[in-house]
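Q:
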Amino acid sequence: RAPGSIGSAFPEHVLKGKKMAGRMGGENFTVKNLRVALVDKDKNLLGLRGAVPGVVGRLVQVTIK
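Numbering-wise, the sequence shown is residues 1 to 65 according to the working numbering.
#1: Check residue 34 in the structure and name its three-state DSSP category.
#2: In whole angstroms, what separates the C-alpha of residue 47 from that of residue 56?
#3: Apart from the five residues on each side of it in sequence, which residues of its chain come closer than 8 Å, Cβ to Cβ, to residue 38?
#4: Using DSSP's beta-bridge definition, name the partner residues of residue 47.
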């Protein structure tokens, strides 16, 4: 669908910051203070206690402070 009119008669251009359609997602998120709940070296598993954003199966980078 077409967006229709996005600017008004005055100032005769689209104002900066006008909300329009575009891409969403692709950002990186940092979650701090998660607890390590499980370490299994045989299966290369690391279990974290807490909410981890993202879809199931997505790769997660874990860093130590």
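All C-beta atoms in this analysis are idealised placements derived from N, C-alpha and C, irrespective of residue type, glycine included.
A: Reading from the atomic positions:
#1: It is coil, neither helix nor strand.
#2: Rounded to whole angstroms, the separation of the alpha carbons of residue 56 and residue 47 is 14 Å.
#3: If we look at residue 38 and ignore the five residues flanking it on each side, its Cβ neighbours are 45, 46, 47.
#4: According to DSSP, residue pairing for residue 47 in a beta bridge involves 38.
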